[in-house]
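The next block holds one structure in the form of structure tokens; read it before the comments.
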Amino acid sequence: MDVLVIGSGGREHALTWALKKDKNIKNIYCAPGNAGTALIAQNINISVDKIDELLKFAREKNIGLTVVGPEVPLVKGIVNVFCDAGLKIFGPDKNAAMLEGSKEFTKKLLKENKIPTAEFEIFNDVEKAKLYIKNNKKYPIVIKADGLAAGKGVMICENESEAIVAIDDIMNKKIFGSAGDRIIIEEFLEGEEASILALTDGNEILLLPPSQDHKRIYDDDKGPNTGGMGAYAPTPLVDNFLINDIKNKILYPTLEGLKKKNIIYKGVLYAGLMITKQGPKVLEYNCRFGDPETQSIVPLIDCSLLDLFIACTEGKIKDSQIKIREDFALNVVIASNGYPGKYEVGKEIFGLEKFKDRQDIIIFHAGTKIENGKVITNGGRVLNFTGIDKDIERTIKKVYDNINEIKFDGAYFRKDIGKRALKYIK
Ligand code: AMP
Ligand code: GLY
Numbered sequence: 097m098d099v100l101v102i103g104s105g106g107r108e109h110a111l112t113w114a115l116k117k118d119k120n121i122k123n124i125y126c127a128p129g130n131a132g133t134a135l136i137a138q139n140i141n142i143s144v145d146k147i148d149e150l151l152k153f154a155r156e157k158n159i160g161l162t163v164v165g166p167e168v169p170l171v172k173g174i175v176n177v178f179c180d181a182g183l184k185i186f187g188p189d190k191n192a193a194m195l196e197g198s199k200e201f202t203k204k205l206l207k208e209n210k211i212p213t214a215e216f217e218i219f220n221d222v223e224k225a226k227l228y229i230k231n232n233k234k235y236p237i238v239i240k241a242d243g244l245a246a247g248k249g250v251m252i253c254e255n256e257s258e259a260i261v262a263i264d265d266i267m268n269k270k271i272f273g274s275a276g277d278r279i280i281i282e283e284f285l286e287g288e289e290a291s292i293l294a295l296t297d298g299n300e301i302l303l304l305p306p307s308q309d310h311k312r313i314y315d316d317d318k319g320p321n322t323g324g325m326g327a328y329a330p331t332p333l334v335d336n337f338l339i340n341d342i343k344n345k346i347l348y349p350t351l352e353g354l355k356k357k358n359i360i361y362k363g364v365l366y367a368g369l370m371i372t373k374q375g376p377k378v379l380e381y382n383c384r385f386g387d388p389e390t391q392s393i394v395p396l397i398d399c400s401l402l403d404l405f406i407a408c409t410e411g412k413i414k415d416s417q418i419k420i421r422e423d424f425a426l427n428v429v430i431a432s433n434g435y436p437g438k439y440e441v442g443k444e445i446f447g448l449e450k451f452k453d454r455q456d457i458i459i460f461h462a463g464t465k466i467e468n469g470k471v472i473t474n475g476g477r478v479l480n481f482t483g484i485d486k487d488i489e490r491t492i493k494k495v496y497d498n499i500n501e502i503k504f505d506g507a508y509f510r511k512d513i514g515k516r517a518l519k520y521i522k
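Everything in the sequence shown is counted per this note's numbering, starting at 97 for the first residue and increasing by one.
Structural data, given as structure tokens:
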């Protein structure tokens, strides 16, 4: 069959790379893709939110399965549109995607089903929100815009004046647009974060290796939040005991809670968790694969991703199995200088060819494109330099011993990806 992958990041390159190995797939198309997907698939110049154009393309090419990378088309209802047209598509429908699209929806669902999460209040009135802050004694406190804000809609406030400024910025100045019509004010959770991704058909789940993202721009988790500067899997932070807790107290109750609302969640369910002293608590849900987590998870999957995706869409996860390599994978994001603020694009990238035949080092492209036969930078997060090895220390060493072979003007990467894992194995 032919497959369409929607998106243009490192996540989509990784998914395309894995699907490419499948003997049952003839052609893979990526819309819009990047310079990495162009090497292994056919890029199609349609942006991810042009649902009608994507549908037209999928119909014309008789696409057997469409795989959706980013949240925007999912929240807009691409899955409903494709299903209504009789086309197979991997991802949650519009109602199910509310788990990411509306924090209010998710927080209420968690509370109704007694799923552990931070205590919270929801406000759509600026003055009431400010009054709540004036009476609050515990800092830091977390203020979140309700809708999609490209991962940036969360502010951690250390005192009352910061919190008041945050409320004004989100609700009056609308720095996140209409996502700021409503805010959630919630308790600050202490602990370490983990990303748990599960394939599901709405009833059963198959867990992917637990992973850990690195959200801040600078080493030692300093500086502003980014889309993610690197990830590794599996993380020793999440042991088998914790996995059971996460399944039984968080993931299954979430699917059951959704079912009570007549929502069957199909696709990948990504729980952003804080592992606190009291156990795992939900920070957020995403309705899609994580980026950059996927670039470290996908190389560890040792079976057909296509079969798993189809099992999700057809409600057959109960009869499916997943095979995971007993290795570690770690990816470091090479970004453009200035990201997550302003940065330049159009810089030629050197050194990629040195790794093209390596099985244990894979470079997943993100913000790249091909111009005049050269690969140039085209975004903030440019490449994911990914290594695979037997243990976490060797994997870290492999990545950092080789990453300097990749060069472009203004290349920046964190030097400490994976370091947090070492304390669990020493
Ligand atoms: P979210 O988009 O809700 O995952 O939030 C983005 C990031 O903000 C998370 O990955 C955490 O690092 C941080 N964060 C969000 N909510 C909380 C919370 N209640 N306590 C502590 N940190 C939080
Ligand atoms: N790694 C964070 C995200 O995909 O939202």
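A virtual CB, placed ideally from N, CA and C, is assigned to each residue, including glycine.
Residue i CB to nearest heavy atom of the ligand GLY below 7 Å
i: G324; result: yes
i: G273; result: no
i: N130; result: no
i: P188; result: no
i: N523; result: Nothing can be reported for residue 523, as the shown portion of the chain is limited to 97 through 522.
Distance CB(residue i)-CB(residue j) smaller than 8 Å
i: V163; j: V101; result: yes
i: A294; j: V364; result: yes
i: I313; j: P436; result: yes
i: G475; j: G463; result: yes
i: I263; j: I342; result: no
i: A430; j: F509; result: Sequence inspection shows Ile at residue 430; the Ala mentioned does not correspond to that position. The answer is yes: Cβ separation under 8 Å.
i: L396; j: P305; result: yes
i: E254; j: Y235; result: yes
i: K513; j: V441; result: With the sequence shown as reference, residue 513 is identified as Ile, and Lys is not the correct amino acid for it. The answer is no: Cβ separation not under 8 Å.
i: V144; j: G103; result: yes
i: I174; j: L150; result: yes
i: H310; j: A290; result: no
Three-state class that DSSP yields for residue i in the structure shown
i: G273; result: helix
i: T91; result: Because the chain in this structure spans residues 97 to 522, residue 91 falls outside the shown range and cannot be described.
i: I147; result: helix
i: S257; result: helix
i: K122; result: coil
i: E288; result: strand
i: V334; result: coil
i: T133; result: helix
i: H525; result: Because the chain here runs from 97 to 522, residue 525 falls outside it and cannot be looked at.
i: F385; result: coil
i: T322; result: coil
i: Q455; result: coil
i: Y435; result: coil
i: L183; result: coil
i: E440; result: coil
i: A425; result: strand
i: A462; result: coil
i: F446; result: strand
i: R516; result: helix
i: A214; result: coil
Distance, residue j Cα to residue i Cα
i: V250; j: A241; result: 7 Å
i: N158; j: D98; result: 7 Å
i: I472; j: Q138; result: 18 Å
i: F504; j: N480; result: 14 Å
i: T482; j: C126; result: 21 Å
i: Y496; j: S392; result: 15 Å
i: I271; j: A259; result: 15 Å
i: D398; j: A329; result: 14 Å
i: D453; j: A275; result: 45 Å
i: R155; j: I252; result: 45 Å
i: N106; j: T350; result: Just to set this straight, residue 106 is Gly in the shown sequence, not Asn. Their Cα atoms are separated by approximately 28 Å.
i: K450; j: H109; result: 19 Å
i: I136; j: N340; result: 38 Å
i: P332; j: K152; result: 45 Å
i: K190; j: S198; result: 11 Å
i: I140; j: P128; result: 5 Å
i: N379; j: G368; result: Reading the sequence as shown, one finds Leu at residue 379 and not Asn. Rounded to the nearest angstrom, the two C-alpha atoms are 5 Å apart.
Rounded distance between the beta-carbons of residue j and residue i, thought under 8 Å
i: F405; j: F186; result: 4 Å
i: T213; j: K203; result: 7 Å
i: A192; j: C383; result: 7 Å
i: F385; j: Y366; result: 7 Å
i: K412; j: D297; result: 7 Å
i: L285; j: K377; result: 6 Å
i: N123; j: L402; result: Rounded, the Cβ-Cβ distance is 13 Å, inconsistent with contact.
i: P169; j: I142; result: The Cβ separation is near 11 Å, so there is no contact.
The ligand AMP heavy atom lying under 7 Å from the CB of residue i
i: G368; result: yes
i: L379; result: yes
i: L206; result: no
i: L293; result: no
i: G219; result: Correcting the residue type first, residue 219 is Phe in the shown sequence and not Gly. Flag unset: Cβ of F219 not near the ligand AMP.
i: E558; result: Since the first residue shown for the chain is 97 and the last is 522, residue 558 is missing from the structure and cannot be characterised.
i: E196; result: no
Any non-hydrogen atom of the ligand FAD within 7 Å of residue i CB
i: E286; result: Of the ligands one can find in the structure shown, namely the ligand AMP and the ligand GLY, none is the ligand FAD.
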